[in-house]
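What follows is a single structure, written as C-alpha cells, with notes after it.
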C-alpha cells in the first residue's frame, strides 16, 4: 500500500537533503560550539551558517534568531518572557482560534490573575480589526495572533494587525508555525512584528527544533534559564544536528516557495473543486478568507470525522479531522466552534494539507475513493436517511 | 490513534444489520448530531416472542458503529426479557473491549435498546422522567450517571465522563458528578465488595508491610486529590485495622468530610491495602 500523505500541517517528511547534512554532526563532528578549541569552533561555524539560512527564510538578521526545541517552546517563551519583562502590565490579547501552545497558556494566565482577551472570529474565520484595536489598552503587555490557522489555513492580515498593536504600544507576537515555508515572510519589511514562532518539523526539518524570532531591541526575559547560549536568551547546549538540518530545510523552503504557491496550490484547488463538486452536502470551511496554499478543510454533513479518517487510512490516505472523537476530547475542534460551524458539519470535518512532495496522481486517488467512503458512511447514518426523506417530501 | 481490537475494526468496516426493520415492533433513538453520536435501533419480534430481526443506523465514530452493529447481533434470538438484561459491558466484551475513552459508545447501545423495548411496551421514557439533567452539554441526567457508575463500578470522575460523556464539554458539572460519585461510593461501602472471579486472594500482609502500604497509598493516591481542593490528610496511628487520620486545610472544616473519609479515603485504602480497614478521624 502506497502512503498518500496529506497531513502536512501535523508534521512533514524530513527532507532527505536535510537528513544528509545532519548526519556528520551525530558522529564525527560532535564538538560543543561554545568550546575554545578548533574542534568546537568548526561546529560553531556551521551553526552560524545555519542561523543565516533560517534568517534568510524570514528576512531577518542572524542575531535575531533564537533556536528553541519546538514551536510550543517558542510560543511559551514569547508570552512568559514578555510578561516578565513588563511586570507592571497585567493584560494579554489573543484569539479564540490559536494553537493550544497559546490557547492553554492563556488559560493558565487567567488562573494566575492576568486579564486575557480572546478575540472571536466570524463564520469564515476572520477577525474584526476594530475589535482588536479596542481590546488593546496601555495595560496590555503582549498581543499574540497566529499568522495562519493550522486547521482551516485561514491567513490573518498580520502586517495590519501588527501595525495596530504597535501604535498602541504593546509587544506583538505571531505564531508563524503554519505560515513559514508556505507564504513569504519578511521581517525586514514587516517591521511591526516583534516576535515570531517557527517550528522545524512543519517545514521539512526534523521534530525537536524550533525558532523564536526576536526583533532587535525587543525586551524579552529568557524562559529556559541556563548558560550564555543564544546570547543569553535561551540556555542549554545547542541542538547542533537539528539546527544544521533546519538550516538546510529553510534554504529548501525558500527555493520552493514558488512551487508551493503555484503547483501545490493548484493541486489543493483541484482537490477542493473535485470534492465540492463530486460530493453532495460538502462545505468548505474558511470560505472567503485568504488561505494557505496547501490547506483544505471541508465538512461532510451527517457523518463523523473519525470514521472517514479510518476508512481513508485503510487506503493509505493520511488526513486529520476536527471531530471530537479523534482527539480524546468530547467536543469538536475549538477553531470550528469559534467560527460557529453547525454541529452537522463540525463533527464531519476533514483537513487535507499538502506539501512539496505531493503528486497529482495522489489527488486523483483521493478523488476516486472519497465519494464512496462518504456514501458508505451516510448509508449507515440516521440523519442522512432523515435528510433524504425530508428532501424528497420537500422537493 | 485509537487501539481498536480486530473485532471493532471488522464491525466498523463491514457492519452487519445496517438499516431500518420494516414494520418494526420497537424503535429506539438516542443521541443527537450535537453530541457527536446517535443511534437508531429497530427490531421485530418473531411468532415465538424472540427478536427475529434487528437493525441499526448510527452517526458516530468507528467504535459507535461497531458497538451498534454488535448490539444487533447480540440481541437477535433473545426474548425481550433476556434483551432487557443486556448491558454496555456485554457490548464491549462482544467486541473484545473498547478503549476506555470510548466506553460511552457501548452505553449508547444499551440506552437505545432500552428505549426500543420501552417503545414496544408502550412506555414513554423522557429525560424528565429519567431524572435531572446534570451535564447540560450532552444532556445527561443524574439517573443515567448513577446507573452507569453502579453497573460498571466506576470510582473517578474521568471514568464517568468516558462512560457517559457527562462532564466532557464545558466541565461546569464536574462538582455535581463528584457529588453523585461520593454518595454512591459511600453507599456501596456498606455492601460486601463484589469480587472478580479471577482475582487471586490477597497475600496476608505483615504489620510493617501494612503500615508502609497505607502510608504509600495516602501519599500517592489520596493526598494529591485532597490537596487539589486545598485540603490535606495526615496519618496519626494504625491500631490493627483501624487507620486513624486527621484532616487538614479546607477538609477539616468541610461539611462533606465524613463522605470524603468513608467514601474516598477508606475506599482507596481498601482497594490498595486490605479490605477490612476502617478509617477514623481524630479531631
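Chains as they are written, first to last, in our numbering: chain B, 1049 to 1443; chain L, -14 to 268. Glycine residues also receive a C-beta, built at the ideal position from the N, C-alpha and C atoms.
* **Residue from 174(L), 33(L), 57(L) and 149(L) with nearest C-alpha to residue 41(L)** => Counting from one through the second chain, the residue named residue 41(L) turns up at place 56. When each option's Cα is compared against that of residue 41(L), the closest is 57(L).
* **Minimum C-alpha distance to residue 1288(B) - residue among 1124(B), 1063(B), 1074(B) and 1064(B)** => Translated into the one-based positions of the first chain, residue 1288(B) becomes position 240. Measuring from the Cα of residue 1288(B), the nearest candidate turns out to be 1074(B).
* **Cutoff 7 Å; reference residue 1402(B); Cβ partners in own chain excluding five residues on either side** => Taking the first residue of the first chain as position 1, residue 1402(B) is located at position 354. Excluding sequence neighbours, residue 1402(B) sits near 1054, 1056, 1312, 1315, 1316 and 1342.
* Asked: Quick one: Cα of residue 181(L) to Cα of residue 256(L), how far?
  -> What you label residue 181(L) is simply residue 196 of the second chain in a count that begins at 1. What you label residue 256(L) is simply residue 271 of the second chain in a count that begins at 1. Model confidence at residue 181(L) stands at a pLDDT of 47, short of 50, so the residue's coordinates are unreliable; what they give is reported in the following sentence. Looking at the two C-alpha atoms, the distance is approximately 13 Å.
* Within 8 Å, strictly: CB atoms of residue 101(L) and residue 149(L) -> Indexing the second chain from 1 puts residue 101(L) at position 116. Indexing the second chain from 1 puts residue 149(L) at position 164. Cβ atoms of residue 101(L) and residue 149(L): not closer than 8 Å.
* Asked: Looking at C-alpha atoms only, which residue of 1337(B), 1151(B) and 1297(B) is the closest neighbour of residue 1064(B)?
  -> For the purposes of this step, residue 1064(B) is identified with residue 16 of the first chain, where counting begins at 1. Of the candidates 1337(B), 1151(B) and 1297(B), the one whose C-alpha sits nearest the C-alpha of residue 1064(B) is 1297(B).
* Asked: For the stretch 214 to 226 of chain L against the stretch 248 to 268 of chain L, are there 3 or more C-beta pairs whose distance is under 8 Å?
  -> yes
* Taking residue 94(L) as the reference, give the member of 123(L), 52(L), 129(L) and 116(L) with the closest Cα. => Translated into positions along the second chain, residue 94(L) becomes position 109. The residue with the shortest Cα to Cα distance from residue 94(L) is 52(L).
* Asked: Shorter than 8 Å from the beta carbon of residue 45(L) to some beta carbon of chain B?
  -> Working through the second chain from its first residue, we reach residue 45(L) at position 60. With 8 Å as the cut-off, residue 45(L) counts as an interface residue toward chain B.
* CB-CB under 8 Å to residue 1423(B), same chain, minus the five flanking residues each way: which ones, in chain order? -> Your numbering for residue 1423(B) matches position 375 in the first chain. Around residue 1423(B), the same chain offers no residue with a beta carbon nearer than 8 Å, after the five sequence neighbours per side are excluded.
* Asked: From what residue to what residue does the beta strand (DSSP E) around residue 1261(B) run?
  -> As a working mapping, residue 1261(B) is identified with position 213 in the first chain. Run containing residue 1261(B): 1258 to 1262, per the beta strand (DSSP E) assignment.
* Determine the chain L residues that contact residue 1386(B) at a beta-carbon separation under 7 Å, and present them in chain order. => For the purposes of this step, residue 1386(B) is taken as residue 338 along the first chain, with counting starting at 1. None at all; the shortest Cβ gap to chain L is about 14 Å.
* Asked: Between the stretch 1416 to 1434 of chain B and the stretch 1076 to 1089 of chain B, do at least 3 Cβ pairs fall closer than 8 Å?
  -> no
* So is residue 1115(B) in contact with chain L if we call contact Cβ pairs under 8 Å? -> Locating residue 1115(B) in the first chain gives position 67, where the first residue counts as 1. No, because no Cβ of chain L sits closer than 8 Å to the Cβ of residue 1115(B).
* **Residues that residue 29(L) bridges to, as DSSP identifies them** => Counting from one through the second chain, the residue named residue 29(L) turns up at place 44. Per DSSP, 38(L).
* **Cβ contact (3+ pairs, closer than 8 Å) linking the stretch 1406 to 1417 of chain B and the stretch 1188 to 1200 of chain B** => no
* Asked: Apart from the five residues just before and just after residue 1101(B), which ones in its own chain have a Cβ nearer than 6 Å to its Cβ?
  -> On the first chain, position 53 is the one that residue 1101(B) refers to. For residue 1101(B), where only same-chain residues beyond five positions count, the Cβ hits under 6 Å are 1295, 1298 and 1299.
* Extent of the continuous alpha helix (DSSP H) run through residue 1310(B) -> For the purposes of this step, residue 1310(B) is taken as residue 262 along the first chain, with counting starting at 1. From DSSP, residue 1310(B) is part of no alpha helix (DSSP H); its letter is neither H nor E.
* To do: Compare the C-beta of residue 1152(B) with all C-beta atoms of chain L and state if any pair is closer than 8 Å.
  => Looking up residue 1152(B) in the first chain gives position 104. No, because no Cβ of chain L sits closer than 8 Å to the Cβ of residue 1152(B).
* How close, in whole Å, do the beta carbons of residue 1070(B) and residue 1293(B) come, if the pair is a contact with beta carbons under 8 Å? -> Indexing the first chain from 1 puts residue 1070(B) at position 22. Indexing the first chain from 1 puts residue 1293(B) at position 245. Right, the Cβ-Cβ distance comes to about 4 Å (below 8 Å), so this counts as a contact.
* Beta-carbon spacing of residue 1399(B), residue 1368(B) below 8 Å -> For the purposes of this step, residue 1399(B) is taken as residue 351 along the first chain, with counting starting at 1. For the purposes of this step, residue 1368(B) is taken as residue 320 along the first chain, with counting starting at 1. Yes, they are a contact pair.
* Look up residue 1339(B) in the DSSP assignment and give the residues it is bridged to. => Position 291 of the first chain, counted from the start, is the residue given in the question as residue 1339(B). Paired residues: 1202(B).
* Does the beta carbon of residue 1240(B) sit closer than 8 Å to a beta carbon anywhere in chain L? -> Residue 1240(B) sits at position 192 when you count from the first residue of the first chain. Closer than 8 Å to the CB of residue 1240(B) there is not a single CB belonging to chain L.
* Asked: So, does the CB of residue 1409(B) fall closer than 8 Å to a CB anywhere in chain L?
  -> Taking the first residue of the first chain as 1, we reach residue 1409(B) at position 361. Judged by the 8 Å Cβ criterion, residue 1409(B) is not in contact with chain L.
* Which residues in chain B sit within 7 Å of residue 50(L), going by Cβ to Cβ distance? -> Taking the first residue of the second chain as 1, we reach residue 50(L) at position 65. By Cβ distance, chain B contributes 1355 and 1428.
* Touching by the beta-carbon criterion (3+ pairs, under 8 Å), the stretch 114 to 125 of chain L and the stretch 148 to 167 of chain L -> yes
* Asked: Between the stretch -4 to 12 of chain L and chain B, which residues of the former have a C-beta closer than 8 Å to a C-beta of the latter?
  -> Listed in sequence order: -3, -2, 0, 3 and 5.
* Opening and closing residue of the alpha helix (DSSP H) in which residue 1247(B) lies -> On the first chain, position 199 is the one that residue 1247(B) refers to. Element bounds for residue 1247(B): not the alpha helix (DSSP H) but the beta strand (DSSP E), 1243 to 1247.
* Asked: How would you label residue 1274(B), buried or exposed, when you count the other beta carbons within 10 angstroms and need 16 or more for buried?
  -> Position 226 of the first chain, counted from the first residue, corresponds to residue 1274(B). Per the 10 Å Cβ criterion, exposed.
* Can residue 1189(B) and residue 1153(B) be called in contact, C-beta distance under 8 Å? -> The sequence position of residue 1189(B) within the first chain is 141, counting from 1. The sequence position of residue 1153(B) within the first chain is 105, counting from 1. Cβ atoms of residue 1189(B) and residue 1153(B): not closer than 8 Å.
* residue 1142(B), enclosing beta strand (DSSP E) - first and last residue -> As a first step, residue 1142(B) is located in the first chain; it is residue number 94 there, counting from the start. 1139 to 1143 is the span of the beta strand (DSSP E), which, as asked, contains residue 1142(B).
* Of all the options 1125(B), 1384(B) and 1203(B), which has the alpha carbon lying nearest to the alpha carbon of residue 1347(B)? -> For the purposes of this step, residue 1347(B) is taken as the residue at position 299 of the first chain. For residue 1347(B), the nearest C-alpha among the options comes from 1384(B).
* Three CB pairs or more closer than 8 Å across the stretch -5 to 15 of chain L and the stretch 1324 to 1340 of chain B -> Touching, no, given that fewer than three Cβ pairs across the two stretches are closer than 8 Å.
* Would DSSP call residue 1405(B) helix, strand or coil? -> As a working note, residue 1405(B) is residue 357 in the first chain. Residue state, collapsed to three classes: coil.
* Inter-residue Cα distance where the pair is residue 1085(B) and residue 1252(B) -> Residue 1085(B) sits at position 37 when you count from the first residue of the first chain. Residue 1252(B) sits at position 204 when you count from the first residue of the first chain. When rounded, the distance between both Cα atoms is 32 Å.
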